[in-house]
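J.: All letters in the sequence shown, in the order written, are residues 12 to 631 by this note's numbering. Before anything else, here's the structure in question.
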Amino acid sequence: MVIEVLRDDRLAIEVRSPARRARPMAVSTDWYQRAVFYEVLVQAFFDSNDDGYGDLRGLASKLDYLQWLGVDCLWLPPFYDSPRRDGGYDIRDYYQVAPEYGTIDDFVDLVDAAHDRGIRIIIDLVLNHTSDTHFWFQESRRDPTGPYGDYYVWRDTDTEYAGVRVIFSDTETSNWTFDPVRQQFYWHRFYSHQPDLNYDNPAVQEEMLNVVRYWLDLGIDGFRLDAVTYLYEREGTDCANLPETHAYLKRLRKMIDDEYPGRIMLAEANLWPSELVDYFGDPATGGDECHMAFHFPLMPRIFMAVKRESRAPISDIIKQTPPIPAKCQWGTFLRNHDELTLEMVTGEERDYMHQHYAEDPRGRLNGGIRRRLAPLLNSDRGQIKLFTSLLLSLPGSPVLYYGDEIGMGDNIWLPDRDGVRTPMQWSVDRNGGFSRCDPSKLYLPVNAGWVYGYQAVNVERQSDQPDSLLQWTRQMLAVRKRHRALALGTYEELEGSNPSVLAFLREHTDEHGETETVRACTTCPATRSPCSSNSPGGSTATSRSSSPAARSSRRSGCGPTCSPCPATAPTGSPSRRPASARCRPRVAPPPPRPRPSCSWPRASPPDAGVRKDALLTPDD
Ligand code: NOJ
Ligand code: CA
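This is the structure:
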């Protein structure tokens, strides 16, 4: 049903109401603070009708797998109608699903099926720009004085906002492009085929609120807000993070809180922590802007810390991260559908990252690195576990990228970021079990080759192997879920003398006054072999206590040493498992190196208040 609301005699703003709606999940106002997110591209997951494109029905048919894996919320990048010149972030119609992916009905079915399994769904909302094929833009260029004439940022010259950074620097040379039809320049922060919407126009503000309502009516659980920093432009600024942008986001948040409680906004804002926290809004209210924001600066520092065998990059950025409002949460990630962005590092650090993670220039894009996790880490299982363990234990809600749970590879011969968006590898069957179509019809080729090809890396094979990366990832997601401190806990770094050791406490007191403490110890020697235990290496221990004395004793005192292992993992009560058994290498140990010291007790102090102090293993 389409209702047109006439605002004045010129403007017609659409309000659409879906004919069908998915069953909502029970209202919860803090689910995202505990959730494990999983980013999955609709086109990449499963092709239900063998036309070469993954689709909504295909994704729905794989929900059992995602439930088995243990994810709580899917993030679906754009699947709207689009010419797909920017992976669907170039939207032609906010109210339509791209025909290759299915229909709005298919989407409702997917949301229902996900909700039935306790899985939520958030989708991308591209507020900042549309495709140049969008009806609004076509009308805007054709009829400058018509109802859509002012929907985009038009100027007679390209001199305004001089010096504002060009983001897609490998493709674009300016943020202005001349339109031969309207004989004016239009503003765009991304590709020239993605004109920025004009938020100074109240009609645009209203249109986008209505788009939000439409999808929330369909039953989704929230939005990842794409490129959210760029909504407004002002002369003399860098045209990002302007007060007007924050004001609009607050308005959007209020509308969602009032009309759709429990649904969330997750900000994509590639900023330093001090600026990022502004996107959470006013701490006095618990947060009145975005519920979540990606912690962009942390991500490259995990890569730097491990390569440098030093905790400093991680410690430093966490120290620079201000506290966030009570109802907010970071979104943490290692990889996603874009290049590994290096916007939040210094030039020297970027060179370091390129040198160590992207020696081949084909792996670089827009200053970042267009590789998946496994190839970045040379498919080293110990390191993949180390990185994933950090993701699951540092503050924030982790966002996994589809395929990384099996160590999928990439294809740097494909253009732009397509190399990290190839079909999911399900089995050794044709096209990796993704589609039964002729391989030449696939939207992108499935990965081939001895190391990363679907014959070597696939879900089916790893499901059958108890010690596979997939099984390990699943077990570690379960561990994370069992320990609320890992999601909600405070973070306190325990500074030891060995710079290769990152040790920290996560502590959470629940509504009954019971405190759970998780102690995590990670060492970053890239050359170390994995632990013999079925653990990611390093150590993590949990304890539960209602006694403040017991809690403080966990911070003080220290065992003399901590056996180094290459990742975060369980330690715990020596009575249940001797320390010597924890990190027994599988192969001959490397040459001796200084043993790191721990700044927490290895054994739990005897205390009646301690109810549990056990090894945290994947079986815990
Ligand atoms: C951020 C998205 O993650 C990226 O894929 C896209 O190209 C830009 N925004 C422009 O929408
Ligand atoms: Ca299909």
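Cβ coordinates follow ideal geometry from the N, Cα and C atoms, glycine included. Keep in mind it's a predicted model, so treat the numbers as computed, not measured.
Is it the case that the CB of H145 approaches a heavy atom of ligand 1 more closely than 7 Å?
T.: False, no ligand heavy atom lies under 7 Å from that Cβ.
J.: What would DSSP say about W198, mapped onto helix, strand or coil?
T.: W198 falls in the strand class under three-state DSSP.
J.: Does DSSP classify T538 as helix, strand or coil?
T.: With a pLDDT of only 43 at T538, under the threshold of 50, the placement of this residue in the model should not be trusted; the figure read from the coordinates follows. Three-state result, T538: coil.
J.: Residues around ligand 2, please: the condition is that the C-beta lies closer than 5 Å to some non-hydrogen atom of it.
T.: D58, N60, D62, Y64, D66
J.: Hey, L505 and A514: beta-carbon distance below 8 Å or not?
T.: yes
J.: Suppose contacts are defined by Cβ-Cβ distances below 8 Å. Is L80 in contact with V51 by that definition?
T.: The Cβ atoms of L80 and V51 do not sit closer than 8 Å to each other.
J.: Are L263 and G342 closer than 8 Å when you measure CB to CB?
T.: no
J.: Helix or strand or just coil, what does DSSP make of Y210?
T.: coil
J.: Between which two residues does the alpha helix (DSSP H) holding G342 run?
T.: G342 -> not in any alpha helix (DSSP H); beta strand (DSSP E) instead, spanning 340-344.
J.: Does DSSP put I335 in a helix, in a strand, or in coil?
T.: Reduced to three states, the DSSP call for I335 is coil.
J.: What are the residues that DSSP puts in a beta bridge with I380?
T.: L351, R375
J.: Just grab the DSSP bridge partners of R166 for me.
T.: F196
J.: Evaluate T170 with the Cβ neighbour count: other Cβ atoms within 10 Å of its Cβ, from every protein chain shown; 16 or more gives buried, anything less gives exposed.
T.: exposed
J.: Note down the Cα distance separating A498 from W42, rounded to an integer number of angstroms.
T.: 11 Å
J.: With DSSP run on the structure shown, which of helix, strand or coil describes A554?
T.: Checking the sequence shown, residue 554 turns out to be Ser, not Ala. S554 falls in the strand class under three-state DSSP.
J.: Exposed or buried, W187, counting other C-beta atoms within 10 Å across all chains shown (16 or more means buried)?
T.: buried
J.: Report back the beta-carbon spacing between T501 and R491 to the nearest angstrom; my notes put them in contact at under 8 Å.
T.: Incorrect: roughly 16 Å between the Cβ atoms, too far for contact.
J.: Look up V122 in the DSSP assignment and say whether it is helix, strand or coil.
T.: helix
J.: E286 lies in the alpha helix (DSSP H); which residues open and close that run?
T.: 284-287
J.: Would the beta-carbon of N74 fall within 8 Å of that of V53?
T.: Correcting the residue identity first, residue 74 is Leu in this sequence and not Asn. Result no, Cβ atoms of L74 and V53 do not sit closer than 8 Å.
J.: Decide if the segment 134-144 is in contact with the segment 99-106; the criterion is three or more beta carbon pairs, one per stretch, under 8 Å apart.
T.: yes
J.: Measure the Cβ-Cβ separation of V468 and P434 and say whether it is below 8 Å.
T.: no
J.: Considering only the alpha carbon of each residue, which of L376, N377, L397 lies closest to A385?
T.: It is L397 whose Cα lies nearest to the Cα of A385.
J.: By Cβ distance, which residues of its chain are closer than 6 Å to D83, with the 5 residues on each side in sequence left out?
T.: A46, V47
J.: Are there three or more Cβ pairs, one per stretch, closer than 8 Å when the segment 203-216 is compared with the segment 238-249?
T.: yes
J.: Rounded C-beta distance between H204 and R96? I'm assuming under 8 Å.
T.: 6 Å
J.: DSSP state of L220, grouped into three classes?
T.: Under the three-state reduction of DSSP output, L220 falls in the helix class.
J.: Please confirm whether S438 and V470 have their CB atoms less than 8 Å apart.
T.: yes
J.: Less than 8 Å between the C-beta atoms of R27 and D123, yes or no?
T.: no
J.: Measuring from the CB of G98, is there a heavy atom of ligand 1 at a distance below 7 Å?
T.: yes
J.: I'd like the ranges of any alpha helix (DSSP H) spanning at least 4 consecutive residues and lying wholly in the segment 30-107.
T.: 53-56, 67-72, 74-80
J.: Which of the three DSSP states, helix, strand or coil, is assigned to H140?
T.: Under the three-state reduction of DSSP, H140 is assigned to strand.
J.: Could you check whether the Cβ of F201 sits closer than 7 Å to any heavy atom belonging to ligand 1?
T.: Checking every heavy atom of ligand 1 against the Cβ of F201, one is found closer than 7 Å.
J.: Given this structure, state the Cα-to-Cα distance separating G418 from Y49, to the nearest angstrom.
T.: 15 Å
J.: Please identify the residue among Q366, M303, Y159 whose C-alpha is closest to the C-alpha of L236.
T.: M303
J.: Do you know how far the Cα of Y465 is from the Cα of A459?
T.: CA-to-CA, the gap between A459 and Y465 works out to about 6 Å.
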